[in-house]
Every structure is written in structure tokens, then in C-alpha cells.
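K.L.:
Number of protein chains: 4
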Amino acid sequence: MALTSAIKGVIPIAPTPFHPDGRVDEISLDRMSDFFSGAGIDGLTILGQLGEAPKLDHAEAVAIARRVVGRMSVPVLVGVSAPGFAAMRALAREVMDLGAAGVMIGPPNTLRTDDQVVAYYRNAAEAIGPDVPFVIQDYPLTFSVVMTPAVIRRIVTENPSCVMLKHEDWPGLDKITTLRGFEADGSMRHIAILTGNGGLFLDFEMERGADGANTGYAFPEMLVDVVRLSRAGERDAAHDLFDAHLPYLRYEQQQGPLGLAVRKYVFQKRGIFASDAQRKPAANLSAQGKAEVDYLLSRIARVDPRARVAP
Amino acid sequence: MALTSAIKGVIPIAPTPFHPDGRVDEISLDRMSDFFSGAGIDGLTILGQLGEAPKLDHAEAVAIARRVVGRMSVPVLVGVSAPGFAAMRALAREVMDLGAAGVMIGPPNTLRTDDQVVAYYRNAAEAIGPDVPFVIQDYPLTFSVVMTPAVIRRIVTENPSCVMLKHEDWPGLDKITTLRGFEADGSMRHIAILTGNGGLFLDFEMERGADGANTGYAFPEMLVDVVRLSRAGERDAAHDLFDAHLPYLRYEQQQGPLGLAVRKYVFQKRGIFASDAQRKPAANLSAQGKAEVDYLLSRIARVDPRARVAP
Amino acid sequence: MALTSAIKGVIPIAPTPFHPDGRVDEISLDRMSDFFSGAGIDGLTILGQLGEAPKLDHAEAVAIARRVVGRMSVPVLVGVSAPGFAAMRALAREVMDLGAAGVMIGPPNTLRTDDQVVAYYRNAAEAIGPDVPFVIQDYPLTFSVVMTPAVIRRIVTENPSCVMLKHEDWPGLDKITTLRGFEADGSMRHIAILTGNGGLFLDFEMERGADGANTGYAFPEMLVDVVRLSRAGERDAAHDLFDAHLPYLRYEQQQGPLGLAVRKYVFQKRGIFASDAQRKPAANLSAQGKAEVDYLLSRIARVDPRARVAP
Amino acid sequence: MALTSAIKGVIPIAPTPFHPDGRVDEISLDRMSDFFSGAGIDGLTILGQLGEAPKLDHAEAVAIARRVVGRMSVPVLVGVSAPGFAAMRALAREVMDLGAAGVMIGPPNTLRTDDQVVAYYRNAAEAIGPDVPFVIQDYPLTFSVVMTPAVIRRIVTENPSCVMLKHEDWPGLDKITTLRGFEADGSMRHIAILTGNGGLFLDFEMERGADGANTGYAFPEMLVDVVRLSRAGERDAAHDLFDAHLPYLRYEQQQGPLGLAVRKYVFQKRGIFASDAQRKPAANLSAQGKAEVDYLLSRIARVDPRARVAP
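As C-alpha cells, this is what we get:
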């Protein structure tokens, strides 16, 4: 079940549940896997930034991958970004052996020139091996690395095992249009483009040619519906649903650990996570913040009853 | 009409109109001043980042300030951020002589430590002179400078001429709460807090204690109404109006010259600007982008007829 | 043999030898341990940046630590900088169990404010456990994190297990003076200060109050002599020896993988390493570069015969 | 006397003398011009970073350029780096009208991709006009902008008015070799390459193909001699002289305002400047620092009597 460039739909980025004392919460992890399975998704990405991957040690990361891959029937992608290629390779090989469908690789924030970015992905692809499908994570806001469309084309062309772009440049709509233009003019083979940024531009990203969403949002059901409606050409309906969620979606998009705190709070409210604990460095959602989230959810619920969650 | 810490309400950040050949468009500048005057605002900030201030030479900046200050009856604030204190002083003294109410100062992106930030504002306040009221611009996303609440308190305490914070940290709601807490516990004197970030969190910023908005948005009338409703305690009405605009407001919030291109396009559609030209480095709003904006405005117009603009 | 704040002298930072195919070269590793043992050093730091630690996976890092600790009779410090505290803890606990004397921790390049830096070291100290002595690595040029003397004092005061500063701020002479002043005025307990930056300012750092050197240089014998002469008050002799090495020492100080390539080339010439291979991302020392190094060494050898190495 | 790509030799970067109260010291400025004229230089660059250009306002910058250009008979280059192209153009046109030979342009520290760097110089060249010869300042350590040799080739090829590279990448020796290789293989026209970085690698930069030095050092006479000896093929003599100065030259190379404080202190000692004052933000050379400089100069003076300066 290796990931290919034909993938479409919604691949949520999963958070990682912890007990208040910092241990991984395996019961919640299973509950989350089941929740996602029931939400109509097309795959799941674990161990990304949002999944607090850098806060796990190697053994913990492998244990989480084993548990999720073993429980889910959709393709599971695993974030393997690491300070060096040896650690990246070690994790990639282990999770692929466990049945992962592919891996996601973000660049270190020290890269500057076009050639450095291209060389980085060349070395990464070589390190994990040519049989491991990989996803480029293009997230300048967090990584401080800017990849032009031409650089992405170079990476795709050099590395046959590159099958997908997690697009989260910002602004980025014209980038999707340019990349799809490269495919149309024959200068780049097709890759899947799924978009991140918490879904903040998903409505228009779909219209520009994205294949779906690859992002964390506490109501993946909405992402699934918007992607479906958009692909069905039901533009107004897609925007109506998206806009109903946008005030809360925007609230989730507070950068760093606070945005994650919001999402974990809602996962707890939805009965998926037993706790909203984060590992350090962590952010707390204040009482005022929780009340703001509750208010926003109650407003969505007027339109989309799935957002009606017990207080 | 010097700015004081009692200022409240909406102070838009003004863009600068150019002719397609790059010259300042004075007719559009006058039309913009009149438009803002009619929008119920409480002040106007010119020559900020959004106003393409770094792309103007000194003489142009002074000419724009003269023209706007001379035409408007509300307080006019002028951005005087500069690579050095001599240029900052030169501009500040000239625009104050022309009748400006105060100046706005953002930090250079090379500052790192708390002491460096505090020293920067101490030197800036000394350079412009103790009689010139100034606004701290706290905008980490663009400036890469992070000011903790404690650092802001040090700046406020050291510099009697600091009267206002343009708050655009992100995330930043708890920062407002903390700063208002400093005032409540007596550890910091009162300053005005008006918020930026294109208004993306204005709904909750008001509820956390902000005094208003100090940001660019193509429909300042909405900002005025949301601030008024929020201060009147009409929470649901404030959110309803805000949420109706949010899909487009979010679209404006594409960082850098593209977000500005969106706003200038709408100013042109509204008949305020003759052209949406930017000085280099500039971004173009593609035909697809323009169609997306048109679609978003048509959706707002179902609720708020002011967004109904001729195609 | 736990590291204490009484440590003085020279603690070289060790490179890691690889075979040309990228495997760790254990024979060269042993030879390097023996070489350092014979050079009159007071300790050894392994798995730092210079040791290509980020390019190793966890198992490799532990294996190297086991081998070096088992072979040497001086205290061995181990770099445990990691993207998260779980990985840091895992490595720290393992190497301490193997007999390491302490660990070195550099900050992630995303820290900005004073409080963030202090919190980072608080969390790190908690993660590794209060029984593990640690060294602060203060290296703004590489880490982009600036720690004022007051911040270092906060870290030292909060964390009894902090025993040493690897000082490599640049410029940094006055920082040593300020920190020693904190000790003199009783506002900070004593810590060891050993200096890095490839030794570029070792001559004056000793005179400002440093306890020695904690850096990579291909001739640690020179560092040992300069530290000894300086502590004995033989100022001119210390500078004469230092100055004789400076043209080459400066050549080693080319940032990033090139500086390491220079050092590995000389280690190979000295018969310590079988190969000058680096793991990717690597730099090659060109033929021209090698000839330049040879020329520089021949010039040192006129004064210090230890620099006379077979071509 | 327009600058051309045939320029060779030593073009010092001049500091700017201030009175202790911050005013420009015109008498010292004249004395400095005369001093440089007597030092055998081939040109002079004013208003660079080292010249505290960002701390001057426009009128001050023009006044300094007028005074220096009017007094000197060698080509005078003027730094015109600015936050925007309008200010850059205004200064460039004025100083060229005053008789400057060309201008120097460094990139803003926000540029990331290859295309952004190339576009920046295209826009800059257009802004100042095709008749104004310009120098690329390639200084990643300070500007955080990395230009590969291929990017420099694109800039040179696109802009006929680009005549020189101020090379101060670090490490950078192979970059000179690569660029000279581009000329040899016909893929890039010839440009002058003069090197910066305070001269720290001048000895080998000359051997790699540099045309001279374009940097600040308190003894430009040494730079002149090293360039002359190197071009005459007197390798050992060039290195002997360079090495005698290196311990102090290295001491000058403390980044930021401290390095400038060292240089101004020596200019004061040499009787060129009346004061070592800097504008804010400034660094002070401590008493200990001054004693260290005195010691270093006394050591140079054993070999090069020009370094014997009255205490």
C-alpha cells in the first residue's frame, strides 16, 4: 500500500496524545485512530510537527507508528524529519517495515540557496532509499526555507520516489497554479498536491488544482466534505460549509504550541483524547481561551451539528 | 492634537497610491483621505509597512505626510521606522512640524535579547525627542523580533512618550490579557492597545481588552462597526458582522506584497485608487486572484451591502 | 568522575572518524583517543557539532560514547543537543551510565527572548535529571541564540547541575570579564569557563579569566601549552606560541563543513585518522586548499616542530 | 573616472568620524582623506556598514560624499544600500553628480531564493540607472543572504553596469576560484573581485585570483604591501608581513560595533580621528580592550614600525 502520486482526498495530520505526566497515551492513540477511520479520510500522517514528533525519542516514535499502522486500513504517512540523514534513515526504514505507506520530510531551517534545498532532498532520498515514497513539506512560515516552484520541479525530477507535495506556503495559491502549469506544459511529472496551513485556504486551494488536504483540523469531517463538494463542482456549498467553520479554524491557526493546545482541547471535548497535555515546551489554553473556543463551536453548530460537543 | 494613551477606536493603516509608472498619485491620496474621513475612523496611520514606506525616499514621505495631515481632521500617525536614528529623527521632526499626532516605530529585525529591544526604544525615543508621542509596533511575524509583555512594560516605563501599542503578535490574545493585568496590578501605567494583523483576531482582541483596531482592511467601516458593537457589549452582533467578512479578510491576510495587491485591487474597485500599482518589489494579483476576490466580496454583500462594489 | 565547576585546562572537541563509505571508523576512533590522552589534555568532549553528532543515529552515538569513555582516563563530556527533551534525556542517561562525566547542551536556533532561553535550560536540566552535570554551549554564530551575561547568570542560579560554560560568543572578551565580575560581586556562583571558537581568541580569553579551552584544533598540544603559559603568567611566551599557529588556526576557522574538512585532513596527515571523510552534508577540501594547509603547517614548523607532518 | 572592471589594488572601507556629541567631524574627515591619499591606495569606499551609513540621514550622507570626493584624487565608491529603491536611487544619483566613481549595494536580509537575489539586483540596477557602475557586496555573515557563484554570474550577466564584487563570503576561497573559472570558461565576463572580511583571508584570496582588498583595516599600508607583494609573486614576503599583523587584524575582526570601536581607537591613536565616538547603537572599547590593542600593536611594531603609535 505504498503511497503514489495518485493519492487524493483528506490525509489529516494527527496530534499525539499524552498523559498529564508526559507518557504517550496509547488508549487515546487507539481511539484517535478509530475516530479518523470513521471520518471518511483517505490516509493519515503521524509524527509531524503537529504530532510533537521532535519531542519523542526514537523508541517512542517507532512504537506510535507500529500502533497506528497496525490499527488503520488507510495509508499511514510518517514524518521522519531529523537533524541528520542517519536518524532519518533509521526511522524511515523501521516504519516502512511496519507497513507505513510513505514518509514526510521537511527541510532544516538553515538551508538558504536553491542548490542547498535541492541537494538536501537528493541526500534525503538517497538516505531513506529509492523504494520509500516521500512527501516534500513546503512550510516556509515554520521552517524559514523558501522553495520556488522551479526548485520543487528540480526535486521532483531528480527523485522518482517523490510522490507528493504537502503545500503550505503562504501565500501559496499561485504556486499551485504554477506547479499544475508545469505538469500541463510537460516540464514536470504529476505529483499529488495536498495542502496544509490548517486548512486556512483550502476552499481556493481546491479550485486551483490541489488534490485535497493534508493538515490538522479538529473536525476532519469538514475537510472531507469541502474536498468532496469542491471536486463535485458544488462551489457555493463548499464555501458555505468552509465559511461556517472558518472563525474557529482561524482560531486554531495560532502558531506554535497554542494552536496545538486548541486542537487538543477540542479532541478532549470530543472524547477522543483523555487529556490535552503537551510535552514541553508546551502552551496552556487559558480559561478565557477555552471559553472562546466553546463560543466558536456553538456558533458552528448552528450550521454544522457535528461541532456540537458536550462542554 | 498630540496622540495620548486615551485614544480608542479605529485607526486604519493607509496604503499609498501610485501611478502605474511609480509616481505617487496625489489625487488618489486625497480621495483616500476623504474616504477615510467619511468612514467614521478615529485616526489614520500613514507610511507604515503596508503604506510601502520603505519604498519612498525622504522627500516623498514628507510630501505625503503634508498632504494627508493637511486634509484630515482626525489625528494622523506617521510610521518613521528607519535603519538608523538620524533618519528616524529627521522624518519624525518634520512630520510633527506638519501637524502629525505621533509616530510609529517598529524594531529592526536584527534585535535579539530583551535588553537590545529595550535599548532600541530608549535610543529611538531620545532621537525623536521626548515631546513626540510614539507607538510601539509589535509585529514578530514580519520583524522577527519577539517582545514579551515584561519587555513592553520596560519600554512603557522607561519612556513617558510611549502612548500606544500596535499589537500584532500572533498568537497574541493572552498578551493583551497580561498587559491589561499589568495595568490592573499597578505595575504598568495605562497605554492604548490597538490591534493589527489585518484584523484577523479583532473580534476576540476587543473582548480581551484592546481599545480598537490599527490595521489595514479594505472595508474600514466593518472595523468601525465591530469595535463599536464590541464596546457596546453586543457580542453576537459583533461576531456576526466580523464572520461575514472573515473569508475575504483572511484572503487579504496573505503576507507581503500579495496581500497589499488584494487591498489595492479593492480600493481601485471602490473608486478610491485610480490604479492598484505597487512600487517594486511588487506582487501582481492574477486574473484568478481577482476573480476569487470578486467572489468573496459578492458573498459578503449578501449580509453587508457595503461590500457590493462594481465589477 | 563527574564534571565539576573546578575543571580547568584543555578539553578538546573531538571530530568523529568515518570510513569513506560513511561507517564510523572505530580503529581511528581508538587512535584518536590515544592521541588525545598523550597530548596532556584535561578532558575530552565528543559528539559536538564538530563531531558531526547530528549526522549520527542514536545507536551510533551511544556506541561511540561507549568506546571513547572506555578507553580514556580523563573526564569525557558528551554533546546531547537534540530537537526535543526526550531524545536528549535518552542519550544523556545512557552515556552517563557508560561513565561520561557530564553533557553539553546547545540551544535550538528558534529561541528568541531571554525567558525562552532560561526556560529551555530549565526544561533540559529537568529532562536529563539533576544528577547530570551540564555545560551551556553559548555559540551565537552557529545557533543564532544570544545569551546576555544576565541570562547565563539566571541559568546558573536556577540549575545547580550547570557547572561550566563553553564560551564561544563573538565578540566575547568582555562577556568573560562580566561573568567573572558576577562571581566577584557574589551575584553568581563560580562556574568553569572554557572557550571555543576554534581558539581564535584563546590568548586574551585566558587573560580575561577563562579556565581553559574547550575547542577543536588540530594541534591540541598548542592549546595545552598556551593555557599553561598563560596561567603561569608567561604572557609573551604564550602569545609567541599562539601567534605562530594563528595563520593556520584562522584557516581552520572557516565555518561549517569546510573548517572540519581542514581539521580532518590534518588529522589524517598526522596519522590519527585513516580518512578525512565526512558524512553528508559534507565539504571537500580542494587540492588548492590542501596545498594552502601544507604551506601554513610548514610555516608553523619553523617555530613549533610538532607542526612538521609528513606530506 | 567611472569605476570599471579593470580596477585593481586596495580600496579601503572608510569609517566615519564623529564628535563625542554625535555630529560628523569634518576636520577628521579631511584628515582621513589625506591619510588614505598618502597610503598608496587605489580608491576609497565611504558610507559602507563600517562607515555607519545606516546611522546617517540623507543630508549628512550627501555632505560626507561631497567632502571626500572633492578632496581625493582616487576613485571614490559610495555605499547606497537602502531599505528601498527610491532612497537608493536618490543617494546614488546625487553622489554620482558629485563625482563618485560608482556605488556599492548590499542585499536586504530578507532575501532567500536565488531568484529573489537576482531580481533584487536587477531592480537596483534599474533604479540607479544603467550609467552608474555598481559593486555587489556579498557578505552573508552580516546580511544573512547567500549568493552562489551561479547567482553572481546571473547578476553580472544581466547587468552590464555591475563591474565589481566585494567578496566577503566566509568561507570563500573556493568561490573566488569558481568565479575565475567562469571567466576562464567564457560563461561570465570579467569583473573585479576585491575582498573584505577585514582582510582575514587576504593572503590566500590574492593567490586565488582576487584583484585586491576592499576592506577596513587600521593599517591600510599593510594591505597595500601584501597586495603588491602577492601580485609580484613574492609569496613568503607577503605572508610574513600579513602574519605579523594577523594577531591584531584578528582582534579588529570582532563583529559589529566592537570591531569598529577597535579601529576607531587606533585611528585616534594614529592622529587621524579626534575622537573614537560612534553613533548609537555603539560599543565601547573597555580599558582592558585598549590595553590589549596596545599590546598587539607593540608586537607588530617589532616587525613593521608603522604600527608603532604613540600611546
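Protein chains in written order, with our numbering: chain A, 3 to 313; chain B, 3 to 313; chain C, 3 to 313; chain D, 3 to 313.
Heads up, the beta-carbon is just placed ideally off N, CA and C, and yes, glycines get one too.
Owing to the predicted nature of the structure, the values given are computational and were not obtained by experimental measurement.
Could you say if the stretch 207-225 of chain C and the stretch 278-285 of chain C meet the contact criterion of at least three C-beta pairs nearer than 8 angstroms?
P.N.:
no
K.L.:
Less than 9 angstroms separating the beta-carbons of residue 98 of chain D and residue 70 of chain D?
P.N.:
no
K.L.:
Could you name each continuous beta strand (DSSP E) segment of 3 residues or more that falls completely within the stretch 9-49 of chain D, going from the start of the chain to the end?
P.N.:
For the stretch 9-49 of chain D, whole beta strand (DSSP E) runs of length 3 or above, ordered along the chain, are 46-48.
K.L.:
Scan the stretch 288-309 of chain A for residues whose Cβ lies nearer than 9 angstroms to a Cβ of chain B and list them as they occur along the chain.
P.N.:
Of all residues in the stretch 288-309 of chain A, 288, 290, 291, 294, 297, 298, 301 have a Cβ within less than 9 angstroms of some Cβ in chain B.
K.L.:
Which ranges does the alpha helix (DSSP H) cover as unbroken runs of at least 4 residues, wholly within the stretch 132-215 of chain C, from first to last along the chain?
P.N.:
Listed in chain order, the alpha helix (DSSP H) runs fully inside the stretch 132-215 of chain C are 142-145, 151-160, 175-186, 204-210, counting runs of at least 4 residues.
K.L.:
Answer yes or no: do residue 53 of chain C and residue 84 of chain C have a C-beta to C-beta separation smaller than 9 angstroms?
P.N.:
The criterion of a C-beta distance shorter than 9 angstroms is not satisfied by residue 53 of chain C and residue 84 of chain C.
K.L.:
With a CB to CB cut of under 6 angstroms and the five nearest residues on each side skipped, what residues in its chain are close to residue 143 of chain B?
P.N.:
172
K.L.:
Using the C-alpha atoms, what's the distance from residue 95 of chain D back to residue 130 of chain D?
P.N.:
Going from the Cα of residue 130 of chain D to the Cα of residue 95 of chain D covers about 7 angstroms.
K.L.:
Can you give me the C-alpha to C-alpha distance between residue 21 of chain A and residue 280 of chain A, rounded to a whole angstrom?
P.N.:
8 angstroms
K.L.:
I want to verify the contact list: residues of chain C whose CB lies under 9 angstroms from the CB of residue 241 of chain D, in sequence order.
P.N.:
Per Cβ cutoff of 9 angstroms: 249, 297, 298, 301.
K.L.:
Under 8 angstroms Cβ to Cβ from residue 252 of chain B, same chain only, skipping five residues before and after it: list those, please.
P.N.:
Here residue 252 of chain B has 202 as same chain residues with Cβ atoms under 8 angstroms from its own Cβ, once five neighbours each way along the sequence are excluded.
K.L.:
Please state whether DSSP places residue 231 of chain B in a helix, a strand or coil.
P.N.:
In this structure, residue 231 of chain B counts as helix in the three-state DSSP scheme.
K.L.:
Determine the direct distance from the alpha carbon of residue 113 of chain D to that of residue 7 of chain D, and round the result to whole angstroms.
P.N.:
26 angstroms
K.L.:
Taking the beta strand (DSSP E) that residue 81 of chain A falls in, what are its first and last residues?
P.N.:
78-81
K.L.:
Cutting at 7 angstroms between CB atoms, please list the residues of its own chain near residue 299 of chain C, excluding the five before and the five after it.
P.N.:
The beta carbon of residue 299 of chain C lies closer than 7 angstroms to those of 250, 309, 311 in the same chain, with the five residues before and after it left out.
K.L.:
Contact defined as beta carbons within less than 8 angstroms: I believe residue 73 of chain C pairs with residue 27 of chain C. What is the distance between those atoms, to the nearest angstrom?
P.N.:
About 14 angstroms separates the two Cβ atoms, so there is no contact after all.
K.L.:
Just list the residues that DSSP pairs residue 104 of chain A with in beta bridges.
P.N.:
A:79
K.L.:
Taking all protein chains shown into account, do 16 or more other C-beta atoms lie within 10 angstroms of the C-beta of residue 232 of chain C, making it buried, or fewer, making it exposed?
P.N.:
Under this definition residue 232 of chain C is a buried residue.
K.L.:
When DSSP labels each residue in this structure, what does residue 282 of chain B get in the three-state scheme?
P.N.:
coil
K.L.:
With DSSP run on the structure shown, which of helix, strand or coil describes residue 72 of chain D?
P.N.:
helix
K.L.:
Let me make sure I understand the geometry here. Which of B:75, B:275, B:306, B:44 has the alpha-carbon closest to that of residue 30 of chain B?
P.N.:
B:275
K.L.:
Listed in chain order, which residues of the stretch 96-121 of chain B have Cβ atoms closer than 7 angstroms to some Cβ of chain C?
P.N.:
114, 115, 116, 117
K.L.:
Taking C-beta to C-beta, are residue 179 of chain B and residue 156 of chain B nearer than 9 angstroms?
P.N.:
no
K.L.:
Does DSSP put residue 125 of chain D in a helix, in a strand, or in coil?
P.N.:
helix
K.L.:
Which residues in the same chain as residue 91 of chain D place their Cβ atom closer than 8 angstroms to its Cβ, once the five residues preceding and following it in sequence are excluded?
P.N.:
129, 130, 131
K.L.:
Taking C-beta pairs closer than 9 angstroms, name the residues in chain A that residue 51 of chain B reaches, listed in chain order.
P.N.:
Those within 9 angstroms of residue 51 of chain B in chain A number zero; the least Cβ separation is about 16 angstroms.
K.L.:
Between residue 77 of chain A and the rest of its own chain, which residues show a CB-CB distance below 6 angstroms, the 5 nearest in sequence each way excluded?
P.N.:
Around residue 77 of chain A: 3, 5, 45, 103.
K.L.:
Roughly how many angstroms lie between the CA atoms of residue 293 of chain B and residue 120 of chain D, to the nearest whole one?
P.N.:
31 angstroms
K.L.:
Which of the three DSSP states, helix, strand or coil, is assigned to residue 306 of chain B?
P.N.:
coil
K.L.:
If contact means a Cβ-Cβ distance below 9 angstroms, which residues of the stretch 131-150 of chain B contact chain C?
P.N.:
Listed by position, the residues of the stretch 131-150 of chain B near chain C (Cβ gap below 9 angstroms) are 142, 146, 147, 148, 149, 150.
K.L.:
Starting from the beta carbon of residue 179 of chain D, find every residue of chain C whose beta carbon is closer than 9 angstroms, and list them in chain order.
P.N.:
288, 290
K.L.:
Under 8 angstroms Cβ to Cβ from residue 62 of chain D, same chain only, skipping five residues before and after it: list those, please.
P.N.:
The answer, listed in chain order, is 26.
K.L.:
Taking all protein chains shown into account, do 16 or more other C-beta atoms lie within 10 angstroms of the C-beta of residue 289 of chain A, making it buried, or fewer, making it exposed?
P.N.:
exposed
K.L.:
Quick check: what's the CA-CA separation for residue 111 of chain B versus residue 174 of chain B?
P.N.:
19 angstroms
K.L.:
With 16 other CB atoms within 10 Å as the buried threshold, where does residue 188 of chain C fall?
P.N.:
exposed
K.L.:
Does chain G have any CB closer than 9 angstroms to the CB of residue 125 of chain C?
P.N.:
Of the protein chains in this structure, namely A, B, C and D, none is chain G.
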